[in-house]
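Read in the working numbering, the sequence shown has 107 at position 104, and its numbers run on one by one without any break.
These notes concern the structure reproduced below.
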Amino acid sequence: MAHAQCDNLPRHFPLMCVLEFAFIPFFETAMKNPIRLVRLIGLLGLLATSGGVLAHDYKAGELHIMHPWARPLPAVAPNGGAFVTIMNHGAQADRLLGARTERAAVTEIHTMEHHDGLMKMRQLEAVDIPANGQVQLQPGAQHLMLMGLKQPLEAGTSFPLTLIFEHAGEVTVEIKVEQPVDAPVADSNDAHQNH
Ligand SMILES: [Cu+2]
4 MAHAQCDNLP RHFPLMCVLE FAFIPFFETA MKNPIRLVRL IGLLGLLATS
54 GGVLAHDYKA GELHIMHPWA RPLPAVAPNG GAFVTIMNHG AQADRLLGAR
104 TERAAVTEIH TMEHHDGLMK MRQLEAVDIP ANGQVQLQPG AQHLMLMGLK
154 QPLEAGTSFP LTLIFEHAGE VTVEIKVEQP VDAPVADSND AHQNH
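What follows is the structure, given as structure tokens:
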């Protein structure tokens, strides 16, 4: 369903237009019809867990910082991973030099590498963000390591974390603690229990 008034808006707005034009009438009829109401609740649940609607992002100069998140962990876990996608729309390369958060004693940049069939972690000084390119910090690959967690990473919560870039400077983002829908449950976090 296309709406002319949506065409000139930024990329998140078409979704809002669809919600406004398709969802609100549906919502109104749902209130009068129990079966539709059940479907509506299911749809809301799907939207809440899909991450699509709730994905959050940030701009810093030419950098576009998308969906910073961390995996929920049991309260006993000493360390956790945090993940984010960073796009560079500029002609100048940048570098992620590090990060800090009150949530952990130390925050490091790590990478995972295969050595003799084992996944091992290695600390990185920085992550290059190429001009007109992107990097993904993700489970099983480059990630932010939150070492010495001061509070458990509980699903549905969030906490601030400051990313430090060579050129774009410092950017504070909100890390959402959530179970990913598109990644395997077992991953690098398990390896980190042994720090
Ligand atoms: Cu790590």
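Ideal Cβ placement from N, Cα and C applies to all residues, glycine included.
{"Item": "As assigned by DSSP and simplified to three states, the class of Q154", "Value": "coil"}
{"Item": "Separation of K179 from W72, as counted between CA atoms", "Value": "5 Å"}
{"Item": "Reduced DSSP secondary structure (H/G/I, E/B, other) of A80", "Value": "coil"}
{"Item": "Residue closest to E181, alpha-carbon to alpha-carbon, out of D131, L76 and N91", "Value": "L76"}
{"Item": "Alpha carbon of G54 to alpha carbon of I68, nearest angstrom", "Value": "Because the pLDDT of G54 is 41, which lies under 50, any placement of that residue in the model is unreliable, and the question is left without a value."}
{"Item": "Contact the stretch 135 to 153 vs the stretch 75 to 91: 3+ CB pairs below 8 Å", "Value": "yes"}
{"Item": "beta-carbon M90 near ligand 1 non-hydrogen atom, thresh 7 Å", "Value": "no"}
{"Item": "Residue(s) in a DSSP beta bridge with N102", "Value": "The residue you asked about is not Asn; residue 102 is Ala in the sequence shown. In the DSSP output, where bridge partners are listed per residue, A102 has L166."}
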